[in-house]
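J.: The structure follows.
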Amino acid sequence: AAAIPVAHHQKANTIRNDVNLRKATLRIEKDEENPGFYLVAFSFDATVPGNICIFFVAKEGVNCSLTPMKPQVFDPVKVPFDKGLGQKFRQAPGTGIDLSLFEDEDLAQEGQDETYALVVRAETYSRDPPADAPSRDTEPLGAPLPKWVHSQTTHAVVERKDGGEYGVRVIKQIIWVEGVRYELQEIYGIENSGGGSGANFDDSGKECVICMSEPRDTTVLPCRHMCMCSECAKVLRFQTNRCPICRCPVERLLEIKVPKND
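Quick note on numbering: the sequence shown equals residues 1 to 262 in UniProt numbering.
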């Protein structure tokens with residue numbers, strides 16, 4: 001019999017993210033005070049204060065810089081926020097955008113040449129900047145991010161609907177922490193392991209699907225199903241290279257320790 005490829009087992013490092021835009025809440029609403037204009041709205045959580053910046057048709061560059069590609073149509077908007085969980089954000093009336101000024105292909109931009117139709121960046125300043133660092137208030141919106149700034153950037157497309165309505169579809173979310181760029185990925189089943197809010201799959205218990213007793217703490221990559229405890233994962237990787245949930249080939253096993261919810 002052919003040898004089973006052994007998946008590599010590794011432990012995840014924890015990265016603190018000071019602010020999180022709840023991507024399922026990102027939307028565009030009509031500005032009732034200014035017919036024909038639209039406002040960006042969403043819910044978010046923040047453990048420290050910071051600023052939210054909104055871009056339309058912007059290109060990502062080095063160090064998460066953002067360059068507006070249609071500045072004549074819409075200037076980026078910056079709005080400060082305080083720390084707090086479950087906050088509601090909505091652009092102030094009069095600061096919105098006339099989406100009819102964009103071509104359909106502009107609103108459909110979802111990463112061609114790293115350009116996206118809608119980009120929402122939340123910046124936080126939890127660390128003291130170097131004494132010689134320029135103030136973020138004096139730099140143009142979208143300037144490259146220094147190491148002392150932390151951020152989460154949400155890239156989305158805008159979809160035209162019937163009746164003058166517009167929908168938003170999130171493509172990806174990027175965080176910038178300590179000068180390193182990370183792309184966020186959903187872990188399926190992490191919400192059942194004691195924390196998080198990942199997408200669900202059919203097996204809704206908190207226990208490992210192999211031994212049915214220990215809490216699940218190991219994620220299969222690349223399919224991202226958190227479905228096993230670390231001990232069962234160590235044994236399973238020598239017996240099969242298939243995910244217990246979806247039967248996809250296993251490339252790596254990632255152990256994630258999730259804090260218990262209070």
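By construction, the Cβ of each residue, glycine as well, lies at the ideal position given by its N, Cα and C atoms. Computed from a prediction, not measured in an experiment: that's the story for all the values here.
#1: Skipping 5 residues on each side, what residues in its chain have a beta carbon closer than 7 Å to that of R160?
#2: Just grab the DSSP bridge partners of G164 for me.
#3: Look at the alpha carbon of K147 and the alpha carbon of Q239, and state the distance between them as a whole number of angstroms.
#4: Determine the direct distance from the alpha carbon of F42 to that of I28, and round the result to whole angstroms.
#5: State the start and end residues of the unbroken beta strand (DSSP E) segment that holds K59.
#6: With which residues is K67 paired in a DSSP beta bridge?
#7: Relative to the alpha-carbon of E255, which residue among M228, L236 and R242 has its alpha-carbon at the smallest distance?
#8: Just to confirm before moving on: does the CB-CB distance between H155 and T124 stay below 7 Å?
#9: Could you tell me if A233 is buried or exposed, where buried requires 16 or more neighbouring beta carbons within 10 angstroms of its beta carbon?
#10: So if DSSP puts E123 in a beta bridge, which residue, or which two residues, is it bridged to?
#11: When the Cα of R16 is compared with those of T47, N34 and G111, which residue comes out closest?
#12: Give the list of continuous alpha helix (DSSP H) stretches no shorter than 4 residues that lie fully inside the UniProt domain "RING-type" (208-247).
#13: Identify, in the order they occur along the chain, each residue of the same chain with its Cβ nearer than 6 Å to the Cβ of V73, setting aside the five sequence neighbours on each side.
#14: Using 10 angstroms around the beta-carbon of A133, count the other beta-carbons present and answer buried if the total reaches 16, otherwise exposed.
#15: For the beta strand (DSSP E) containing L254, list its first residue and its last residue.
#16: How far does the alpha helix (DSSP H) with E105 in it extend, from its first residue to its last?
#17: Thinking C-beta only, is P76 closer than 7 Å to F55?
T.: According to the structure data:
#1: Taking the sequence shown and counting its residues from 1, the one referred to as residue 160 is at position 160. Once the five neighbours on either side are set aside, the close Cβ partners of R160 are D104, L107 and Y166.
#2: The count along the sequence shown starts at 1 and reaches residue 164 at position 164. Partner(s): none; G164 has no beta bridge.
#3: Position 147 of the sequence shown, counting from 1, holds the residue named residue 147. Position 239 of the sequence shown, counting from 1, holds the residue named residue 239. The alpha-carbon atoms of K147 and Q239 are separated by roughly 44 Å.
#4: Taking the first residue of the sequence shown as position 1, residue 28 is located at position 28. Taking the first residue of the sequence shown as position 1, residue 42 is located at position 42. Spanning the two alpha carbons is a distance of roughly 9 Å.
#5: Within the sequence shown, numbered from 1, the residue matching residue 59 stands at position 59. For K59, the enclosing beta strand (DSSP E) covers residues G50 to E60.
#6: Sequence index remark: in the sequence shown, residue 67 carries index 67 (1-based). Looking at the sequence itself, residue 67 is Thr, so the reference to Lys does not match. For T67, the pairing in a beta bridge is given by DSSP as K59.
#7: Here residue 255 refers to the residue found at position 255 of the sequence shown. Comparing Cα-Cα distances from E255 to each of M228, L236 and R242, the minimum goes to M228.
#8: Walking along the sequence shown from the start, residue 155 turns up at place 155. Walking along the sequence shown from the start, residue 124 turns up at place 124. No, the Cβ-Cβ distance between H155 and T124 is not below 7 Å.
#9: Position 233 of the sequence shown, counted from the first residue, corresponds to residue 233. With a 10 Å radius around the Cβ and a threshold of 16 neighbouring Cβ atoms, A233 comes out buried.
#10: Working through the sequence shown from its first residue, we reach residue 123 at position 123. Paired residues: N51 and S151.
#11: As a first step, residue 16 is located in the sequence shown; it is residue number 16 there, counting from the start. It is T47 whose Cα lies nearest to the Cα of R16.
#12: The qualifying runs are 230-236.
#13: As a working mapping, residue 73 is identified with position 73 in the sequence shown. Leaving aside the five residues that flank V73 on each side, the residues in its chain whose CB is nearer than 6 Å to its CB run, in chain order, L101.
#14: If you number the sequence shown from 1, residue 133 lands on position 133. Taking every protein chain shown into account, the CB of A133 has fewer than 16 other CB atoms within 10 angstroms, so this residue is exposed.
#15: Sequence index remark: in the sequence shown, residue 254 carries index 254 (1-based). From DSSP, the beta strand (DSSP E) with L254 extends over R252 to E255.
#16: Here the question's residue 105 lines up with position 105 in the sequence shown. DSSP places E105 inside the alpha helix (DSSP H), whose first and last residues are D104 to L107.
#17: By 1-based counting over the sequence shown, the position of residue 55 is 55. By 1-based counting over the sequence shown, the position of residue 76 is 76. Their beta carbons are under 7 Å apart, which means F55 touches P76 by this criterion.
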